[in-house]
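Below: the structure, in structure tokens.
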Amino acid sequence: MKNRIFKAWRENRSLLLFILLMSVFRSAVADWNEVPTGSMQPTIVEGDRIWVNKMAYDVRVPFTHISLKKIADPARGDIIIFDSEVSDKRLVKRVVGIPGDTLELRNNTLIINGEQLAYKSVGATASTQDLQENLLGVEHLIRIDSRGTPLSSFQPVTVPAGYYLALGDNRDNSADSRMIGFVPRDEIVGRSRSVVLSLNYDNFYIPRKDRFFHRL
Numbered sequence: 001m002k003n004r005i006f007k008a009w010r011e012n013r014s015l016l017l018f019i020l021l022m023s024v025f026r027s028a029v030a031d032w033n034e035v036p037t038g039s040m041q042p043t044i045v046e047g048d049r050i051w052v053n054k055m056a057y058d059v060r061v062p063f064t065h066i067s068l069k070k071i072a073d074p075a076r077g078d079i080i081i082f083d084s085e086v087s088d089k090r091l092v093k094r095v096v097g098i099p100g101d102t103l104e105l106r107n108n109t110l111i112i113n114g115e116q117l118a119y120k121s122v123g124a125t126a127s128t129q130d131l132q133e134n135l136l137g138v139e140h141l142i143r144i145d146s147r148g149t150p151l152s153s154f155q156p157v158t159v160p161a162g163y164y165l166a167l168g169d170n171r172d173n174s175a176d177s178r179m180i181g182f183v184p185r186d187e188i189v190g191r192s193r194s195v196v197l198s199l200n201y202d203n204f205y206i207p208r209k210d211r212f213f214h215r216l
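According to our numbering, the stretch in the sequence shown is residues 1 to 216, in order.
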């Protein structure tokens, strides 16, 4: 039995070593993440595979959340990927509140530390409106329900140390900090700034050429 295992190792060690190194790379350095829902529309659409920089904030022990060295902290406007213990799944949201911030949402208008954010309309349908939000210097698009929903407002909250407040860009259709609470720093696995590729789920999974390496 031992001889067979040793023989199999000798015959396949290059392949096994490659698989091991690739697994370590994807776990601790960089990976891609599929986005199956529309909670980040219009920034990210269903079928996007986004690039995840897993060394954006920490150098971690592969296959764990254990940080060996902190590189940086998430900033307002960052698109983060985190393993949510509350929802028991990996989520993709945008950081809108960092530790110490006091935030309030009034009819989909964010107020951060007493400053109301600026918005500009960039498009609309019968039921939704796309806006450019200026997140204290970081401009990005959001989508809101023109009729308003229970998610359109929340009372002032202060982000505690070691936590972040994260929202989906599709503000009225996102299970985010309004439902799962603040995001713990140690649940965040990386940051995304671009799409790798995208498949159109509504058109036989045909690749969307205009989304390849699209900047977020």
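Don't be surprised by glycine CBs; every beta carbon is placed ideally from N, CA and C.
Q. Nearest to I188 by CA position, among M40, V196, D58, E46, is which residue?
A. D58
**Q.** Extent of the continuous alpha helix (DSSP H) to which R178 belongs
**A.** 177–180
(Q) So for S87, helix, strand or coil by DSSP? (A) coil
Q.
Is the separation between the beta-carbon of A30 and that of N53 shorter than 8 Å?
A. yes
Q) Can you tell which of E11, G162, H65 has its C-alpha closest to the C-alpha of V183? A) G162
Q. Roughly how many angstroms lie between the CA atoms of L16 and R211, to the nearest whole one?
A. 33 Å
Q) When DSSP labels each residue in this structure, what does P62 get in the three-state scheme? A) coil
Q. Whose CA, out of Y164, N12, S146, D78, lies closest to the CA of G123?
A. S146
Q. The beta strand (DSSP E) spanning E133 covers which residue range?
A. E133 -> beta strand (DSSP E) spans 128–135.
Q.
With a threshold of 7 Å (Cβ to nearest heavy atom), would E34 be considered close to the ligand SAH?
A. Absence of the ligand SAH from the depicted structure is noted, as is the absence of any ligand whatsoever, leaving it without description.
Q: Go through its chain and collect everything with a Cβ distance to H140's Cβ below 8 Å, but skip five positions before and after it.
A: T43, G77, R94, Q132, E133, D169
Q: Indicate the three-state DSSP secondary structure (helix, strand or coil) for V196 in the structure shown.
A: strand
Q: Take I81 and list the residues in its own chain whose beta-carbon comes closer than 7 Å to its own, dropping the five residues that flank it on each side.
A: N33, V52, R90, V92, V189, G190, S192
Q) Along the chain, which unbroken stretches of the beta strand (DSSP E) at least 3 residues long are found entirely within the region 10–71? A) 30–34, 48–53, 58–60, 67–70
Q) Taking the C-alpha atoms as reference points, what is the distance between S277 and L165? A) Past the boundaries of the shown model lies residue 277; the chain is included only from 1 to 216, so the question cannot be answered.
Q. What span of residues does the beta strand (DSSP E) with L103 cover, start to end?
A. From DSSP, the beta strand (DSSP E) with L103 extends over 102–106.
Q: Would you tell me roughly how many angstroms separate the C-alpha atoms of F154 and R178, rounded to the nearest one?
A: 8 Å
Q) Distance, Cα to Cα, I48 vs L199? A) Ile is not the amino acid found at residue 48; the sequence shown has Asp there. Spanning the two alpha carbons is a distance of roughly 6 Å.
**Q.** The beta strand (DSSP E) enclosing H140, as first and last residue numbers
**A.** 138–145
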